[in-house]
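Here's the structure we're looking at; comments come further down.
Shown next, in the form of C-alpha cells:
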C-alpha cells in the first residue's frame with residue numbers, strides 16, 4: 004500500500020527491502036505504544052512521538068502529546084486494568100512520511116467508587132508518521148471509535164480454574180513482565 008519507491012514496472016530488490024524495513028519499524032512503533040500505555044511507561048510513550056506531535060483522543064484529551072500524557076497520567080489512579088490490542092494494520096509510506104490506519108480493541112477497567120466498570124472499545128488509530136534522523140515517530144494521531152461496550156459493574160472474574168492462580172497484571176513497574184524479562188523491557 005502507498006506510493007512505491009520504484010518506477011513503473013517491477014520493484015527493485017533494494018526498493019522492496021527499504022519499504023519492508025520502514026513498515027517493520029512502523030509496526031514496532033505501533034506495538035511499542037500499546038505496551039508503553041498499558042504498563043504506564045510514560046518515558047517510552049513520550050519517546051514514540053515527535054516533540055511537536057499532536058494527539059486527539061476525543062474529550063479525554065486533544066492537543067499536544069504532552070497534554071495527552073498529562074491527562075493519561077492523571078487518570079492512572081482510576082484505572083484498574085488496561086490492554087490495547089492491534090489487529091489490522093495498513094501503512095502507506097512515501098519517503099520519510101507515512102500514514103497508518105491501525106485497528107484496535109482496547110479494554111479498560113475503571114474504579115468507580117464501590118465497583119469497577121469495564122469499557123471495551125473497538126476502533127482505529129489514524130496516524131501520521133515522520134522519519135527524522137532515520138527514526139520513525141508519530142507526528143499526529145486521531146482516535147476513531149467504531150463501537151464500545153460498557154459493563155457496569157465490571158464483568159471481570161478471575162475465579163475460574165483457568166485464571167485462578169495465574170499472575171495478575173498491573174499498570175506499572177509491579178507488572179510480572181518487569182521481573183520476568185531481561186531483554187524485552
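Residue numbers (our numbering): 4 to 188. Built from N, CA and C at the ideal position, the CB exists for glycine as well.
*asked:* Please state the DSSP three-state secondary structure of residue 61.
replied: helix
_Counterpart residues of residue 45 in DSSP-defined beta bridges_ = Looking at the DSSP assignment, residue 45 forms no beta bridge with any residue, so it has no partner.
*For residue 71, which three-state DSSP category applies?*
helix
*How big is the Cα-Cα spacing for residue 71 and residue 80?*
Cα to Cα, residue 71 sits roughly 16 Å from residue 80.
*State the DSSP-derived secondary structure class of residue 177, mapped to helix, strand or coil.*
coil
_Own chain, CB closer than 6 Å to residue 122, minus 5 neighbours either side, in chain order_ = 111, 153
*Reducing DSSP to helix, strand and coil, say where residue 137 ends up.*
Taken through DSSP and simplified to helix, strand or coil, residue 137 comes out as coil.
*By Cβ distance, which residues of its chain are closer than 7 Å to residue 2, with the 5 residues on each side in sequence left out?*
Only positions 4 to 188 of the chain appear in the structure, and residue 2 is not among them; the question remains open.
*For residue 39, is the beta carbon positioned less than 7 Å from some heavy atom of the ligand MG?*
In the structure shown, the ligand MG is absent, as is every other ligand, since no ligand is present at all.
*Below 7 Å CB to CB, which residues in the same chain sit around residue 61 once its five sequence neighbours on both sides are set aside?*
146
*asked:* So, for residue 10: in the same chain, excluding its five sequence neighbours on each side, which residues have a beta-carbon less than 6 Å away from its beta-carbon?
replied: Unreliable placement is indicated for residue 10, whose pLDDT of 49 sits below 50; no coordinate value is reported for it.
*Under a Cβ-count criterion, where at least 16 other Cβ atoms within 10 Å of its own Cβ denotes burial, should residue 162 be classed as buried or exposed?*
exposed
*What did DSSP end up calling residue 163 once you bin it into helix, strand or coil?*
coil
_Distance, residue 132 Cα to residue 101 Cα_ = 5 Å
*If we ignore side chains and look at the alpha-carbon of each, how far apart do residue 82 and residue 69 end up?*
Rounded to whole angstroms, residue 82 to residue 69 spans 20 Å at the Cα level.
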